[in-house]
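Enquirer:
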Amino acid sequence: MSKLPDEAFRDTIGTIDSAGNRKFIFPKKPSGRFYDYRKWVSYFLLIVLVANPFIKINGNQFMMFNVLERRFNIFGFPFWPQDFYLFVVSMIVGVVFVILFTVIFGRIFCGWICPQTIFLEMVFRRIEYWIEGDRGAQIRLEKQEWNAEKIRKKAVKWTVFLIISFFIANVFLAYLIGSDQLITMIEDGPESHLSTLISLFIFTGVFYFIFAWFREQVCIIACPYGRLQGVLLDDKSINVAYDFVRGEKELGRAKFNKQEDRAASGKGDCIDCKQCVHVCPTGIDIRNGTQLECVNCTACIDECDSMMESVGLPKGLIRYASEDEIEKNSKFKFTARMKGYSAVLFILVGILIGLLFLRTDVEAVILRLPGQLYQHKGENISNIYTFKIINKTNNNFNDIHFKLVGIKGNLKVVGEQDLKVPKQGMKSGTLFVEINQYLLESDKTKLEIDVYDGDKKIETSHTNFLSPRSFD
307 MSKLPDEAFR DTIGTIDSAG NRKFIFPKKP SGRFYDYRKW VSYFLLIVLV ANPFIKINGN
367 QFMMFNVLER RFNIFGFPFW PQDFYLFVVS MIVGVVFVIL FTVIFGRIFC GWICPQTIFL
427 EMVFRRIEYW IEGDRGAQIR LEKQEWNAEK IRKKAVKWTV FLIISFFIAN VFLAYLIGSD
487 QLITMIEDGP ESHLSTLISL FIFTGVFYFI FAWFREQVCI IACPYGRLQG VLLDDKSINV
547 AYDFVRGEKE LGRAKFNKQE DRAASGKGDC IDCKQCVHVC PTGIDIRNGT QLECVNCTAC
607 IDECDSMMES VGLPKGLIRY ASEDEIEKNS KFKFTARMKG YSAVLFILVG ILIGLLFLRT
667 DVEAVILRLP GQLYQHKGEN ISNIYTFKII NKTNNNFNDI HFKLVGIKGN LKVVGEQDLK
727 VPKQGMKSGT LFVEINQYLL ESDKTKLEID VYDGDKKIET SHTNFLSPRS FD
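Plus 306 on top of the position in the sequence shown (first one is 1) and you've got this note's numbering.
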């Protein structure tokens, strides 16, 4: 008969041995209803992840994060450096949403939505099961000498992993530089874009390292969200949890015996089969309580339900539940902390929606040239300005010109007169504004300048016009 767990497990990590060396995990292949649900969710998200950079909305890539050119597309909306505040607000909204989701549902994001988990569990591990077999076969293969069988299986696995890593690197590159640019580079050939090819090989190496060797260590050691979980979770949060009240009872865990009345014996429903440990992709024992290594993948739920069914005991010994539900049998309540995060999220979403509605497709900035005051030209006063026109649309502006509004004056562009702004492009230059001194009522006059493309007004800019304090 097993004893109740002590606190020793809290001083160790399932993937590190007593000498401090890496201990590789060979999880049992999961099966069950939750695993089937996860497969469908994962395959859908994989399709979305791969398709995102190749989908266009109004000519804009659906998702793009071009850090080098400081251009971002989110859900088909282009964000320029001038829109960076919108990008920041949207990221804050995402962070607050994840925090709220974690406070309520624990680390469910890691097990069901995180690309790291999806690629590792639903792509690389499934290939590994196909080539090397289930847990027992993998352990035997690992201990086996390097004979023809082991070399063949390892070589096939590593080659397939490398090909998939190269594919993921290309998709990742499409997010960074744009799918059109990536396709152009492929058509031009590698010799024309050596620097990009080197970057692609580096990304391939990183992904191969993560999915072939580092694996669950990303979730345990590297991922900041995993560390954040310890701050966010409390006894009201819903997690993948072991029902220790039912599993331990008075006498604790014990192996299953068909000849005894388990309910009358005082033994817990946990039959100590350790299948929940063998199936865990991070190597933990869920019976030791909520742990930072747990990614809420539900593999232990499926495995435990299968074992309970086979021995005629009720399912749900491991299930989605809060600590309060298990220990105090209390129902889920929306706590004050959850309400606070919800209020913050609601406010931020409202601000983001408002800013998106106020955002314009064309941005025109006209500013007085720094260090310059004004010039006298007969009865006219002249000011010099710089202008910048940003075209965020997918239409070319072929006839840009300016008009003063509300006051009579002359406006002249310096240099190129035939102004054009390409789609997703920018144009800058210099212009003079001359106004008769007798039309100016103060030393600083507010000017309104309309920007036209042909006969269509596309934007209005406001600036100041300086003049002498008095004309008497």
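Glycine included, every Cβ here is placed at the ideal spot set by N, Cα and C.
Work out the CA separation of residue 606 and residue 533 for me, nearest whole Å.
Expert: The residue given as residue 533 occupies position 227 in the sequence shown. The residue given as residue 606 occupies position 300 in the sequence shown. Between residue 533 and residue 606, the C-alpha separation is close to 22 Å.
Enquirer: Could you compute how far the alpha carbon of residue 626 sits from the alpha carbon of residue 596?
Expert: As a working mapping, residue 626 is identified with position 320 in the sequence shown. As a working mapping, residue 596 is identified with position 290 in the sequence shown. The alpha-carbon atoms of residue 626 and residue 596 are separated by roughly 12 Å.
Enquirer: Going by beta carbon distance, what residues of the same chain come within less than 8 Å of residue 613, once the five residues before and after it are set aside?
Expert: As a first step, residue 613 must be located in the sequence shown, where it is residue number 307. Within the same chain, residue 613 has close Cβ partners 577, 579, 581.
Enquirer: Taking the alpha carbon of residue 717 as the point to measure from, which residue in 757, 728, 750, 732 has its own alpha carbon closest?
Expert: Along the sequence shown, one-based indexing puts residue 717 at 411. Taking only the C-alpha atoms, the option nearest residue 717 is 757.
Enquirer: I need the straight-line Cα distance from residue 686 to residue 394, nearest angstrom please.
Expert: In the sequence shown, counting from the first residue as 1, residue 686 sits at position 380. In the sequence shown, counting from the first residue as 1, residue 394 sits at position 88. Between residue 686 and residue 394, the C-alpha separation is close to 45 Å.
Enquirer: May I ask you to verify whether the segment 587-604 touches the segment 545-559, counting CB pairs closer than 8 Å and requiring at least 3?
Expert: At 8 Å Cβ cutoff, the stretches touch.
Enquirer: Restricting to Cα atoms, I'd like to know which of 425, 398, 622, 461 is closest to residue 475.
Expert: The residue you call residue 475 lines up with position 169 of the sequence shown. The option with the nearest alpha carbon to residue 475 is 425.
Enquirer: Given a cut-off of 8 Å on the beta-carbon distance, is the pair residue 421 and residue 585 in contact?
Expert: Sequence index remark: in the sequence shown, residue 421 carries index 115 (1-based). Sequence index remark: in the sequence shown, residue 585 carries index 279 (1-based). No, the pair does not count as a contact, with Cβ atoms beyond the cut-off.
Enquirer: In the structure shown, what three-state DSSP assignment does residue 719 receive?
Expert: The residue you call residue 719 lines up with position 413 of the sequence shown. In this structure, residue 719 counts as strand in the three-state DSSP scheme.
Enquirer: From this set, 600, 552, 342, 401, which residue's C-alpha is nearest residue 650's C-alpha?
Expert: As a working mapping, residue 650 is identified with position 344 in the sequence shown. The shortest C-alpha separation from residue 650 is found at 401.
Enquirer: What three-state label does DSSP hand residue 312 in the structure shown?
Expert: Numbered from its first residue, the sequence shown carries residue 312 at position 6. In this prediction, residue 312 scores a pLDDT of 47, lower than 50, which makes its location untrustworthy; the coordinate-derived value is nonetheless stated afterwards. If DSSP states are grouped into helix, strand and coil, residue 312 belongs with coil.
Enquirer: Residue range of the alpha helix (DSSP H) that residue 516 falls in?
Expert: Position 210 of the sequence shown holds residue 516. Taken as a continuous stretch (DSSP letters only), residue 516 belongs to no alpha helix (DSSP H), as it is neither H nor E.
Enquirer: Any chance you could list the alpha helix (DSSP H) runs of at least 4 consecutive residues sitting entirely within the segment 467-539, in chain order?
Expert: Entirely contained in the segment 467-539, the alpha helix (DSSP H) runs reaching 4 residues are, in chain order, 485-494, 500-515, 530-538.
Enquirer: With distances taken Cα to Cα, identify the nearest neighbour of residue 691 among 481, 611, 710, 769.
Expert: Numbered from 1 along the sequence shown, position 385 holds the residue referred to as residue 691. Looking at the Cα atoms, 769 is the closest of the given residues.
Enquirer: Exposed or buried, which one is residue 659 when buried takes at least 16 other CB atoms within 10 Å?
Expert: Within the sequence shown, the letter at position 353 stands for residue 659. When all chains shown are included, residue 659 counts as exposed.
Enquirer: Any heavy atom of the ligand NAP closer than 7 Å to the beta-carbon of residue 391?
Expert: Absence of the ligand NAP from the depicted structure is noted, as is the absence of any ligand whatsoever, leaving it without description.
Enquirer: Hey, how far is the Cα of residue 724 from the Cα of residue 734?
Expert: Numbered from 1 along the sequence shown, position 418 holds the residue referred to as residue 724. Numbered from 1 along the sequence shown, position 428 holds the residue referred to as residue 734. Going by the C-alpha atoms only, they are around 13 Å apart.
Enquirer: Within 10 Å of its beta-carbon, does residue 307 have 16 or more other beta-carbons around it, so buried, or fewer, so exposed?
Expert: The residue given as residue 307 occupies position 1 in the sequence shown. Any reading at residue 307 must be qualified, since the residue scores a pLDDT of 40, below 50, and its modelled position is unreliable; no value is offered.
Enquirer: Residues in its own chain within less than 7 Å of residue 419 by CB, not counting five upstream and five downstream?
Expert: Taking the first residue of the sequence shown as 1, we reach residue 419 at position 113. If we look at residue 419 and ignore the five residues flanking it on each side, its Cβ neighbours are 351.
Enquirer: For residue 709 and residue 696, what's the separation of their Cα atoms in angstroms?
Expert: Translated into positions along the sequence shown, residue 709 becomes position 403. Translated into positions along the sequence shown, residue 696 becomes position 390. Residue 709 and residue 696: Cα-Cα distance of roughly 18 Å.
Enquirer: What residue does the beta strand (DSSP E) around residue 408 start on, and which one ends it?
Expert: As a working note, residue 408 is residue 102 in the sequence shown. Run containing residue 408: none in the beta strand (DSSP E); it sits in the alpha helix (DSSP H), 390-411.
Enquirer: Rounded to a whole number of angstroms, what is the C-alpha to C-alpha distance between residue 712 and residue 742?
Expert: If you number the sequence shown from 1, residue 712 lands on position 406. If you number the sequence shown from 1, residue 742 lands on position 436. Computed Cα separation, rounded: 14 Å.
Enquirer: Using CA atoms only, rank isn't needed, just tell me which of 634, 414, 635, 436 is closest to residue 600.
Expert: By 1-based counting over the sequence shown, the position of residue 600 is 294. Answer by Cα proximity: 414.
Enquirer: On a CA-only basis, which of 386, 514, 560 is nearest residue 779? Give me that one, please.
Expert: Missing from the structure shown is residue 779; the chain here goes from 307 to 778 and no further.
Enquirer: Straight-line CA distance for residue 705 to residue 726?
Expert: For the purposes of this step, residue 705 is taken as residue 399 along the sequence shown, with counting starting at 1. For the purposes of this step, residue 726 is taken as residue 420 along the sequence shown, with counting starting at 1. Rounded to whole angstroms, residue 705 to residue 726 spans 6 Å at the Cα level.
Enquirer: Using CA atoms only, rank isn't needed, just tell me which of 739, 683, 616, 537 is closest to residue 643.
Expert: The sequence position of residue 643 within the sequence shown is 337, counting from 1. It is 537.
Enquirer: Comparing C-alpha positions only, which one of 666, 771, 654, 624 sits nearest to residue 688?
Expert: In the sequence shown, the residue the question calls residue 688 occupies position 382. Nearest option by C-alpha distance: 771.
Enquirer: So residue 754 is in the beta strand (DSSP E); what residue range does that whole segment cover?
Expert: In the sequence shown, residue 754 corresponds to position 448, counting from 1. Its beta strand (DSSP E) spans residues 750-759.
Enquirer: Using only the alpha-carbon positions, how far apart do residue 754 and residue 669 sit?
Expert: Taking the first residue of the sequence shown as 1, we reach residue 754 at position 448. Taking the first residue of the sequence shown as 1, we reach residue 669 at position 363. When rounded, the distance between both Cα atoms is 14 Å.
Enquirer: Go ahead and label residue 775 buried or exposed: buried means 16 or more other beta carbons lie within 10 angstroms of its beta carbon, across all protein chains shown.
Expert: Residue mapping note: residue 775 aligns to position 469 of the sequence shown, counting from 1. When all chains shown are included, residue 775 counts as exposed.
Enquirer: How long is the line joining the alpha carbons of residue 737 and residue 391, rounded to whole angstroms?
Expert: As a first step, residue 737 is located in the sequence shown; it is residue number 431 there, counting from the start. As a first step, residue 391 is located in the sequence shown; it is residue number 85 there, counting from the start. One C-alpha to the other measures close to 29 Å.
Enquirer: Whole angstroms is fine: what's the gap from residue 504's alpha carbon to residue 498's?
Expert: The residue labelled residue 504 in the question sits at position 198 within the sequence shown. The residue labelled residue 498 in the question sits at position 192 within the sequence shown. Computed Cα separation, rounded: 12 Å.
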